[in-house]
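Numbering (UniProt numbering), first residue to last: 1 to 91.
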Amino acid sequence: MVIDDPLTERPELTSKLIGRAQGQYIYASSKDTIRLAMAMTFVFVEGKYNGSTLMVMGRNNPFLRMREMAVVGGSGQFREGVHPGEYVQRR
Numbered sequence: 001m002v003i004d005d006p007l008t009e010r011p012e013l014t015s016k017l018i019g020r021a022q023g024q025y026i027y028a029s030s031k032d033t034i035r036l037a038m039a040m041t042f043v044f045v046e047g048k049y050n051g052s053t054l055m056v057m058g059r060n061n062p063f064l065r066m067r068e069m070a071v072v073g074g075s076g077q078f079r080e081g082v083h084p085g086e087y088v089q090r091r
């Protein structure tokens, strides 16, 4: 599945748009599990990170409230990677 979703400051869809989450999910399942392989680029268009991108990849278990993904690259403010104390959370 290909995505191009709004990236907002807060979880509510009415929150301020700060970019787009663009990428793809690859769906895999077995008899009792569902897993997604994900490759996504966060494209920032507002605020401190305007013009920057952040690329994440990894396995995504949709049944977990919090998931951790590997940050594999970036541009602009993220050219040198994620700074200590900053991270990507998918809820």
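Even glycine gets a Cβ: it sits at the ideal position worked out from N, Cα and C.
Please identify the residue among the options whose C-alpha is closest to the C-alpha of residue i.
i: ALA70; options: ARG79, GLU80 and MET57; result: MET57
i: PHE63; options: MET55, GLY47, MET40 and ARG35; result: ARG35
i: LEU54; options: THR14, GLN22 and SER15; result: GLN22
i: PHE78; options: ARG65, LYS48, ASN60 and ARG59; result: LYS48
i: ASN60; options: ASN50, LYS16 and ALA37; result: ALA37
i: ASN50; options: LEU13, LEU17 and ASP5; result: LEU17
i: ASP4; options: MET40, LEU13, GLU80 and ARG67; result: MET40
How about residue i and residue j: are their beta carbons less than 8 Å apart?
i: SER52; j: GLY73; result: no
i: GLY19; j: PHE42; result: yes
i: VAL2; j: GLN24; result: yes
I'd like to confirm the pairing. Which residues does DSSP put opposite residue i in its beta bridges?
i: PRO6; result: ARG20
i: THR53; result: VAL43 and SER75
i: VAL29; result: According to the sequence shown, residue 29 is Ser rather than Val. For SER29, which the question treats as bridged, DSSP gives the partners ILE34.
- Message: Three or more C-beta pairs under 8 Å: does that hold for the segment 25-34 against the segment 4-15?
- Response: No, because fewer than three Cβ pairs between the segment 25-34 and the segment 4-15 fall closer than 8 Å, the two stretches do not touch.
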